[in-house]
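UniProt numbering puts the first residue of the sequence shown at 1, with every later residue one more than the last.
Where a beta carbon is used, it is the ideal one built from N, C-alpha and C, also for glycine.
These numbers come from a predicted model, not from an experiment.
See below for the structure under consideration.
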Amino acid sequence: MIYSLMESLDCLTYEQMIQFFHRKKTTISSMEKPSTFLNQLRDYDLVPEELYQKVIKMKSKSKIQKGVYEILDFVEKNGGDSVKVFWSCVFKGHILHKYPDLRLILSSLMNESFRDCEKPPDVEKPSRNEDVEKTRVKPAQKKRLPERRKSREETDKEEPGPSSASKLKKPDMEQSLSLLSNDEELPVTCGEKQGVLYPAKLVRGETCILSEGHWFTPGHFETFSGKASSKKWKVSIRYNNIPLQNLLKDGQLQCPVTYRSYSQKRKILVSSVESSSSESSESSEESSEESSEESSEESSEDSMDEELRKEEEEESEAVDMALFALGVLPVSCGSVSGDLYKSRFVGPHTKSIRTEERWFTPVEFVKQEMSLPDGHWSKDVLCHGKTLRFLVKKKILFVHPVLCPCPLCQPKNERDQDNDDVCYICNSGLNLVCCDECPRAFHRRCHLPPLQDDSLGDEWMCTFCVFKSNHSLWMHMRRKDVLRSPVSKNTMRCEYLLLRLLKADTLGAFTYYPAEKVERYHYVISNPMWLKRVRSKLQKKKYKRVGEFVRDIELIFSNYQTFNRDDKSVRMGAAVKELFQKDFNAVFKIQ
């Protein structure tokens, strides 16, 4: 049985309610623009006025998140009654509409209480389904009801008992059943109605949605919820606000292959009824409705056929699979571009695509392209001209099942996915310090200035973000004035330039002392210089003027071109040198 919100809360013990609230605090505190949410808590007297005023006046995104978390801490400390009032006020319609993430929490809460309160009725009670159908039948349908019931009874005689469903399976059904077990269940909604979908029953073509003590097919559940006019249950029925159509396209749910033939049989049945009951106006009106429904279903099927045709064309095109061998793949959606990290990709709702500003899920990434309001991640995100759906089909990317318990699908702290998994400078992991303003993460020794525990505090911004926030305040300068200016007043700019070079030197050609790897280096280069040495001199304040810092950088490139004569090395050295010169002019706003 599906319970109302208050009944669901009553099903949870005091400890369970507090524990559930405790687990969701970080998720809730990460919401965007929480002013309406905070006003709701204030209206229900869940937050002291002083604390409310303190948080509502905050400007920084990280400070606001910290403030909301502080308010949630206050609610939790007040105990179970306050937590119960909290859920009842934040799960109001206007709040859920503004903050979709709360819908996921609501589904999780309802699902958890559902498991604790009562087991669902026996899944093999056809009388329940027949009772529901009787109560939902329109007057115009009563004349045809015996004929439909007869066909069902004939089917029951041919395939009696619960085991009859197994006779309907085809080989591809057997394979799809391995994706979702009989024990898994998905909380779904359609309009104002809530239910539980059993995927294994869906793939067999059985009544698979349990709602208010009755079993429904997806089409009947759509009618039961008052959405019959939509006539497209794959869109109107949703799991965590995700249309089932998306899960079906992603292969996380499977429909029975008998649905299309069943539609064709119904179409023949409608035609025969129309011809035999032309004298009855009610029957004609009913046939018109059925024909309209069939037209809608056929239109949906035609759309899916078009998608299948495009997939076949995509697969038939010649493609070099070596393009997809790297762990990081370039992706784009219209004018928006980013990098997809294969190690992070487990489906459409995990943050696996990184842009310069932040991490996105594939679903979020599609929404960044404003010209595609109805874009879908699997067909509109492209990698080397191929869709992500193609990469999943070719097993270059792997989509985990909907209820997968792995850390990527069910992270303990969802904010952990907002930052990189490796150091921005050296590309290795472990013991990283994450910036609170951007996705970058660093080792303490790799960042400039080097990080100390006492310098981090509650919130920390990397040099890249500090530079970005201050750059607009600086005045334009002439190059000769820049070179004469003291390093002590430009330390942060020099550190930024040096970090940019360290990041660009992916092969380490300019970072380390070359003589350590090349024995004859000191015979050719009399005055060696490398980035680590420049870093050391900058930290020890050996540079007095910016010009001294620049001369050492230019010496690195000069030595590199002198020692390396081949075309490839010359081009690489020239490219990094050009990058430095461009950055230098931009950082100091050279006129």
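- Between Gln252 and Lys61, the alpha-carbon positions lie close to 35 Å from each other.
- Taken through DSSP and simplified to helix, strand or coil, Ala574 comes out as helix.
- In this structure the segment 532–545 does not lie against the segment 465–481, because fewer than three pairs of beta carbons, one per stretch, are closer than 8 Å.
- In this structure, DSSP gives Leu329 an extended state, which the three-state scheme calls strand.
- As summarised for the segment 444–518, there are no continuous beta strand (DSSP E) elements at least 3 residues long confined to that stretch.
- The C-beta distance from Arg478 to Gln591 rounds to 6 Å, short enough to fall under 8 Å.
- Val90 places its beta carbon 8 Å or farther from that of Phe21.
- Cβ-Cβ separation between Ile353 and Leu340: approximately 5 Å, consistent with a contact (criterion under 8 Å).
- Cα atoms of Val196 and Cys190: separation of roughly 11 Å, rounded to the nearest angstrom.
- Looking at the DSSP output, Gln194 sits in a beta bridge with Thr189.
- In its chain, beyond the 5 residues on either side, Ser29, Pro34 have a beta carbon closer than 6 Å to the beta carbon of Val68.
- At a Cβ-Cβ threshold of 8 Å, Lys589 and Trp474 count as neighbours.
- Put simply, of Asp552, Trp530, Ile237, Pro411 the residue whose alpha carbon is nearest the alpha carbon of Pro187 is Ile237.
- Approximately 7 Å separates the beta-carbon atoms of Lys386 and Val319; this is inside 8 Å, confirming the contact.
- Here DSSP, grouped into helix, strand and coil, assigns Trp530 to coil.
- By the beta-carbon neighbour count (other beta carbons within 10 angstroms, threshold 16), Asn78 is exposed.
- Here Ser225 has Cys190, Gly191, Lys193 as same chain residues with Cβ atoms under 6 Å from its own Cβ, once five neighbours each way along the sequence are excluded.
- The residue among His447, Asp421, Ala322 with its C-alpha nearest the C-alpha of Cys462 is His447.
- A Cβ-Cβ separation of about 4 Å places Gln245 in contact with Lys234 under the 8 Å criterion.
- The C-beta of Asp436 has 16 or more other C-beta atoms within 10 Å across all chains shown, which makes the residue buried.
- Rounded to the nearest angstrom, the gap between the Cα atoms of Asn490 and Arg500 is 16 Å.
- Minimum Cα-Cα distance from Met17 among the listed residues Val85, Arg571, His214, Glu548 corresponds to Val85.
- At the C-beta level, Asn585 and Leu555 stay beyond 8 Å of one another.
- Residue environment: His443 is assigned as buried (16 or more neighbouring CB atoms within 10 Å of its CB, all protein chains considered).
- With respect to Leu432, Cys423 sits close: the two C-beta atoms are nearer than 8 Å.
- In this structure, Cys409 sits near Val346, with a CB-CB distance shorter than 8 Å.
- For Pro243, the pairing in a beta bridge is given by DSSP as Arg238.
- DSSP places Gly213 outside both helix and strand once states are collapsed to three, so it counts as coil.
- In this structure, the CA atom of Arg389 is about 20 Å from the CA atom of Cys404.
- According to the DSSP secondary-structure assignment, Ala441 is paired through a beta bridge with Cys434.
- Within the DSSP secondary-structure output, Leu382 pairs in a beta bridge with Ser332, Thr387.
- Nearest neighbour of Pro411 by Cα position, chosen from Ala325, His349, Thr562, Ser211, turns out to be His349.
- Asp552 sits in a helix when the DSSP states are folded into three classes.
- DSSP places Ser35 in the uninterrupted alpha helix (DSSP H) bounded by 35–43.
- DSSP, reduced to helix, strand and coil, places Ile425 outside both helices and strands of the structure shown, so it counts as coil.
- Per DSSP, reduced to three states, the secondary structure at Phe360 is strand.
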